[in-house]
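Remember, the numbering used here sits 7 above the position in the sequence shown when you count from 1. Ideal Cβ positions, reconstructed from N, Cα and C, are used throughout, including at glycine.
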Amino acid sequence: MTLNLSKLRVRTMIMCSSVVLLMIVLALDAAIITSSVLNTPIEEEEAHALLSWKRSLSHVSNASDLHSWNNVSSPCIWGGTVCNEQGSITVINLPIPSELSQLARLQLLDLSQNRLPGPLPSQLGQLQSLNILYLYSNHLIGRIPSSLGQLRNLTVMSLQNNLFDGEFPKELCELTLLQELRLSTNQLNGPLPPQISQLKSLLILDVSYNSLIGPIPLELTSLIELTQLYLRYNRINSSIPNELGQMLQLEVLDLASNNLIGPIPSTLGSLTKLTHLFLQNNRINGSIPKDLWSLPNIEQIDLSQNRLVGKIPKDYCNMEINPPVINLTNNMLTGPFPSDPENFSPQLFREHLCLKVRNSPSSEIVHHKGSTKTVMLRGIIIGISLVAVCMVSVLFWALVFLFYKQRMSNKQIGAAARKHGNIFSIWNYDGVIAYEDIIDATENFDFKYCIGVGAYGSVYKALLPSGQVVALKKLHNWERENSTFDRSFANEVQVLTKIRHRNIVKLYGFCCHPRCSFLDYEYLEKGSLFEILRDEAEAEKLNWKKRVNIIKGISKALSYMHHHCSPPIVHRDISSNNILLDSKFEAHVSDFGTARLLQPNSSYRTVLAGTFGYIAPVVDFCPQFRFSTIARTLSRIQIAKYFGIEMRIAQGLHQNARSLRPYYT
Numbered sequence: 008m009t010l011n012l013s014k015l016r017v018r019t020m021i022m023c024s025s026v027v028l029l030m031i032v033l034a035l036d037a038a039i040i041t042s043s044v045l046n047t048p049i050e051e052e053e054a055h056a057l058l059s060w061k062r063s064l065s066h067v068s069n070a071s072d073l074h075s076w077n078n079v080s081s082p083c084i085w086g087g088t089v090c091n092e093q094g095s096i097t098v099i100n101l102p103i104p105s106e107l108s109q110l111a112r113l114q115l116l117d118l119s120q121n122r123l124p125g126p127l128p129s130q131l132g133q134l135q136s137l138n139i140l141y142l143y144s145n146h147l148i149g150r151i152p153s154s155l156g157q158l159r160n161l162t163v164m165s166l167q168n169n170l171f172d173g174e175f176p177k178e179l180c181e182l183t184l185l186q187e188l189r190l191s192t193n194q195l196n197g198p199l200p201p202q203i204s205q206l207k208s209l210l211i212l213d214v215s216y217n218s219l220i221g222p223i224p225l226e227l228t229s230l231i232e233l234t235q236l237y238l239r240y241n242r243i244n245s246s247i248p249n250e251l252g253q254m255l256q257l258e259v260l261d262l263a264s265n266n267l268i269g270p271i272p273s274t275l276g277s278l279t280k281l282t283h284l285f286l287q288n289n290r291i292n293g294s295i296p297k298d299l300w301s302l303p304n305i306e307q308i309d310l311s312q313n314r315l316v317g318k319i320p321k322d323y324c325n326m327e328i329n330p331p332v333i334n335l336t337n338n339m340l341t342g343p344f345p346s347d348p349e350n351f352s353p354q355l356f357r358e359h360l361c362l363k364v365r366n367s368p369s370s371e372i373v374h375h376k377g378s379t380k381t382v383m384l385r386g387i388i389i390g391i392s393l394v395a396v397c398m399v400s401v402l403f404w405a406l407v408f409l410f411y412k413q414r415m416s417n418k419q420i421g422a423a424a425r426k427h428g429n430i431f432s433i434w435n436y437d438g439v440i441a442y443e444d445i446i447d448a449t450e451n452f453d454f455k456y457c458i459g460v461g462a463y464g465s466v467y468k469a470l471l472p473s474g475q476v477v478a479l480k481k482l483h484n485w486e487r488e489n490s491t492f493d494r495s496f497a498n499e500v501q502v503l504t505k506i507r508h509r510n511i512v513k514l515y516g517f518c519c520h521p522r523c524s525f526l527d528y529e530y531l532e533k534g535s536l537f538e539i540l541r542d543e544a545e546a547e548k549l550n551w552k553k554r555v556n557i558i559k560g561i562s563k564a565l566s567y568m569h570h571h572c573s574p575p576i577v578h579r580d581i582s583s584n585n586i587l588l589d590s591k592f593e594a595h596v597s598d599f600g601t602a603r604l605l606q607p608n609s610s611y612r613t614v615l616a617g618t619f620g621y622i623a624p625v626v627d628f629c630p631q632f633r634f635s636t637i638a639r640t641l642s643r644i645q646i647a648k649y650f651g652i653e654m655r656i657a658q659g660l661h662q663n664a665r666s667l668r669p670y671y672t
């Protein structure tokens, strides 16, 4: 997108908060550009403006070009910008905000296809140097500002595919240099203003798919330079003016789907440059002018869905163009059919046209008045019969297919069980996910899909055939060789299957096999709290409200495990590594590989679990505990860990743990 920015002072621009662009802007630096770095006062002035603009952007889609926008380099080398010899920025290839009234040298503004909401700011009318305005395919509402009529240098205005309403602004008719005006697919109403005759330079006018009413204004026919006229799908209720034949440059004339009445003007035969003529779906009557068949450049004619009568002109039979571009269906035409019909497609003469074959070389198309009801009744009966037969056939084959699919599914599941082991289970899915789907999704757990490595296994991101993204925790081989592996694996599955809480990571399924064992979890977009806290840029996004919500989410999860699970569950390794965040920064507790059920009579020995820096002081400095003592204090230890995380979240830091050797109690 080309922008010619002012060489004069450009004040800091404050962007409308309602304009939502599609780029994610990274953390922004200060916007003061030192004169030692910038080459000219113009650069410094415009750099200040652009950095102010950068600070205002949010929810946009292409942040990569903005990485180079900083306060230590010339704006002429920033991504998406081009400068002229004087150091003034002339091109910006980025989506930009809508308030640009202070950029007096702006020549091209393209905000198209950005889903921008809200009304169009009237301040755009102050861009006196603007030549091209692209705002199509957004969600803009309200009336088209009359101030746009002040853009006297505008040559192209494209506002189609929005939600503009109100009447056609007569102020737009003051844009005497305008060559393209596209307002289609909006909600405009009222008539076309007679002032439209002032657009003497107009080449393309597209106001189709609106709710315009009234006649086609005769003033429109004075636009003798017009090459394309689109009035399709409006509510224009007049006859076609004979004066349209004076628009000798017309190549496309589209008046389809209106309420046009009367005959087709014979003057349309004067439009020698016409390539496409669309008059279908109106109430046009009378006969087809024979002059239409002599148009030298015509490529497509559609006169279907009208009330045309009479005979097909003989000139139609002598046309040298390819007839399939001509559509005359659903009219009431009669007359001779061409004696050389191989060049004509029968579907062009469907309803209300019938071919009567005689012994003579020629044939005749006859409109059967008396037999119309009989033909229609016969067609209805045949149609109903065909539909019934089709429905029965579809139902039969659907049942056959379902039976076959179920049988093959059972065979595949049995084969997979024999090949890969029989310990495979899935919850919360429609149907069964095959072992092969997991292997294919990760290319046999290729490292490029790995998103994290923990003490018990590596985590892989997988896109399943259903389109759902999951996280697969594949246990380490050395962990699986441990004599306590089966008990640990079963323990994690047992714990997670008992938990159903919004702040606890969901377990979808598991697979236990000598070749490969893994757990199938829900995927959380933001990753671990540890990674966010240690990344300064990401940590800045965690405002106080989000941090408090994270703490609340963790506390709700722990409270649920302590008070709503029977027997109570203790996680034993609450740390920022095991707190995952979703796209809304909601906290989810994960990694139950060291969790234990608090059985009052348990007396087995266990390895101390915990992340360095989060071990509770009572265990950190008093390792010689009997398990019965630990069982009584384990909940308190977890609470101590929780408060440790709470402090880290409040401080925005991660505790770098000192070295602790593993030991047994």
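By the CB criterion at 7 Å, L206 and L185 fall inside the cutoff. Per the DSSP secondary-structure output, A478 pairs in a beta bridge with K468 and Y528. K559: not part of any beta strand (DSSP E); member of the alpha helix (DSSP H) spanning W551 to H570, first to last residue.
Residue Q235 holds the alpha-carbon nearest to the alpha-carbon of Q256 among V577, R242 and Q235.
Contact between the stretch 533-549 and the stretch 578-587 is present: 3 or more CB-CB pairs across the two stretches fall below 8 Å. A distance of 7 Å or more separates the beta carbons of I308 and L340. Taking the C-beta atoms as reference points, N249 is found nearer than 7 Å to P272. One Cα belongs to I295, the other to G269, and the distance between them is close to 12 Å.
For the options K481, C518 and P472, the alpha carbon positioned closest to that of Y456 is the one of K481.
S246 has I268 as its beta-bridge partners, per DSSP. For P198, the closest of I211, L209, E226 and E181 by C-alpha to C-alpha distance is E226. E178 and L158 have their C-alpha atoms some 10 Å from each other. Distances from the CA of I561 to each of D542, M164, F592 and E187 were compared; the closest alpha carbon is that of F592. For E258 and L131, the gap between their C-alpha atoms comes out near 33 Å.
With contacts defined by Cβ atoms closer than 7 Å, N168 and Y143 form a contacting pair.
In this structure, DSSP gives D589 a state outside helix and strand, which the three-state scheme calls coil. Counting along the chain, the unbroken beta strand (DSSP E) around R314 starts and ends at R314 to K318. Separation of the CB atoms of G276 and L302 is rounded to 7 Å, and the pair is thereby assigned contact status at 8 Å.
In the three-state reduction of the DSSP assignment, I295 falls in the coil class.
Judged by beta-carbon spacing, L479 lies within the 7 Å limit of F525, meaning their Cβ atoms are closer than that value. Here V477 is buried, its C-beta having at least 16 other C-beta atoms within 10 Å. In the displayed model, D261 falls within a strand according to three-state DSSP.
Excluding five sequence positions before and after C83, the CB atoms of its chain that fall closer than 6 Å to its own CB belong to C90, given in chain order. In this structure, DSSP gives E450 a state outside helix and strand, which the three-state scheme calls coil. In the same chain as R189, and ignoring 5 residues on each side of it, the C-beta atoms closer than 6 Å to its own belong to S165, Q167 and D213, in chain order. Taking the Cα of P152 as reference, the smallest distance to any Cα among T162, Q202 and G173 is reached at G173.
Judged by DSSP secondary structure, F171 falls within the beta strand (DSSP E) whose first and last residues are L170 to E174. Separation of the CB atoms of L137 and N121 is rounded to 18 Å, and the pair is thereby denied contact status at 8 Å.
Burial is judged here by how many other beta carbons sit within 10 angstroms of a residue's own beta carbon; V596 has at least 16 and is buried.
Taking all protein chains in view, the Cβ of I319 is crowded by 16 or more other Cβ atoms within 10 Å, so the residue is classified as buried. One alpha carbon belongs to N451, the other to V401, and they sit about 40 Å apart. A395 carries a helical assignment under DSSP once its states are collapsed to helix, strand and coil. In this structure, R239 sits near S215, with a CB-CB distance shorter than 7 Å.
Here DSSP, grouped into helix, strand and coil, assigns L310 to coil.
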